[in-house]
Amino acid sequence: MSWAWPEGIRNLQGGGIRLEPLSLDHVAGLTEAAATATDHEWDMGFVPRPDDMKVYVSRAIYDLRAGRSFPFAVCLETGEPIGTSWFRVFDPWRRKLEIGFTWYAAPHRKGIANLQTKLLLMSFAFDVLNCILVEFLVYEGNLPSRRAIAGLGARQDGMLRRVIPMGDGTFGDVVVFSVSNDEWPVVKSTMASRLESRRRVPLDGFRAAGPTGS
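When you line the sequence shown up against numbering that gives the first Met the number 0, it's residues 0 to 213, in that order.
Next comes the structure, spelled out in structure tokens:
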């Protein structure tokens with residue numbers, strides 16, 4: 000089923016981060032961002048390979064035009080792309096949305112980028128789309144991302160088998176986390192507090208760990 004996304008979705012920005020609808024204009028910048036990943040992250044499919052970036056973005060645009068997903072390039076205020084994050088699946092009848100395909104350039108994984116991106120996406124999901132549930136599917140072996148999502152106050156709901164396409168052609172199992180509309184005010188407050196704390200710490204005070212930070 001095709002979904003007509005609200006126009007306001009094209010203007011998600013705040014706290015030094017701007018989310019732009021993913022386009023071929025982002026390929027060059029995202030190629031540089033992906034080049035900061037490790038061989039393991041490319042092999043596992045956590046981060047697109049730099050040489051595959053045009054195909055990755057083209058597939059994302061296809062999903063966008065088909066109404067299945069809304070992929071974003073995560074950009075700094077300067078316009079520099081540093082990763083992606085998607086509204087991957089939206090069910091307007093059940094008012095449920097999944098956020099996924101999130102990855103960042105290594106230097107931006109432990110600063111404010113991930114938290115600010117999540118805050119922008121979840122605020123839009125709950126406050127504009129009136130979702131009652133936002134889900135995150137995290138690869139079972141991606142422990143840093145699992146800890147990061149749980150640390151926000153998201154609930155671990157269970158596991159789904161053979162969901163995420165891996166770099167070797169197999170499909171990996173995922174852990175499902177979610178935040179409900181009732182839980183959102185507390186989660187939002189937690190995220191805002193952490194953002195305020197992190198803005199007091201210079202970027203080089205953080206050590207990159209994990210491919211996405213969830």
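We put the beta carbon where it would ideally sit given N, CA and C, even for glycine.
Per-residue burial, residue i [other beta carbons within 10 Å of its own, 16 or more giving buried]
i	result
Asp-203	With a pLDDT of 43 at Asp-203, under the threshold of 50, the predicted position of this residue should be treated as unreliable, and no value is reported.
Met-121	buried
Glu-76	exposed
Arg-199	exposed
Val-174	buried
Gly-212	Confidence in Gly-212 is poor, its pLDDT being 49 and thus under 50, which makes the residue's placement unreliable; the coordinate value appears in the next sentence. Flag for Gly-212 reads buried.
Ala-59	buried
Gly-7	exposed
Glu-195	exposed
Thr-101	buried
Trp-85	buried
Met-0	Residue confidence for Met-0 is low, a pLDDT of 41 falling below 50, so the modelled location carries little weight; the figure read from the coordinates is stated next. Counting Cβ neighbours within 10 Å, Met-0 comes out exposed, since fewer than 16 surround it.
Arg-206	The pLDDT assigned to Arg-206 is 36, lower than 50, so where the model puts this residue is not dependable, and the model offers no usable value.
Gly-168	exposed
Trp-183	buried
Leu-142	exposed
Asn-129	exposed
Val-133	buried
In DSSP terms, what residue i is bridged to
i	result
Cys-130	DSSP lists no partner for Cys-130.
Gln-12	Arg-17
Leu-136	Val-175
Asp-90	Lys-95
Ala-71	Sequence check: residue 71 is Phe here, not Ala. Looking at the DSSP assignment, Phe-71 forms a beta bridge with Pro-20, Ser-84.
Trp-102	Thr-83
Contact test: residue i Cβ vs the ligand ATP heavy atom, cutoff 7 angstroms
i	result
Ile-111	Absent from the structure shown: the ligand ATP. Ligands present: none.
Limits of the unbroken beta strand (DSSP E) element including residue i
i	result
Gly-171	170-179
Asp-156	154-164
Residue i - containing alpha helix (DSSP H), residue span
i	result
Ser-192	183-197
Ala-147	142-150
Asp-59	It is worth fixing the name first, because residue 59 is Ala in this sequence and not Asp. Ala-59 -> alpha helix (DSSP H) spans 52-64.
Trp-41	38-43
Arg-110	Position check: residue 110 holds Gly in this sequence, whereas Arg was assumed. Here Gly-110 belongs to no alpha helix (DSSP H), and DSSP marks it neither H nor E.
Val-26	26-33
Presumed contact (8 angstroms Cβ cut-off) between residue i and residue j, rounded CB distance
i	j	result
Arg-88	Gly-82	Rather than Arg, the amino acid found at residue 88 in this sequence is Val. Contact doesn't hold; Cβ gap of about 19 angstroms is too wide.
Leu-118	Met-43	The pair is not a contact, with the Cβ atoms about 27 angstroms apart (cut-off 8 angstroms).
Arg-154	Phe-176	6 angstroms
Gly-78	Leu-136	With 8 angstroms as the limit, Gly-78 and Leu-136 do not qualify as a contact, their Cβ atoms being about 29 angstroms apart.
Leu-151	Val-127	Contact doesn't hold; Cβ gap of about 20 angstroms is too wide.
Are three or more beta carbon pairs between the region 47-58 and the region 27-35 nearer than 8 angstroms? yes
Decide yes or no for the touch test of the region 100-118 against the region 11-19: beta carbon pairs closer than 8 angstroms, at least 3 of them. yes
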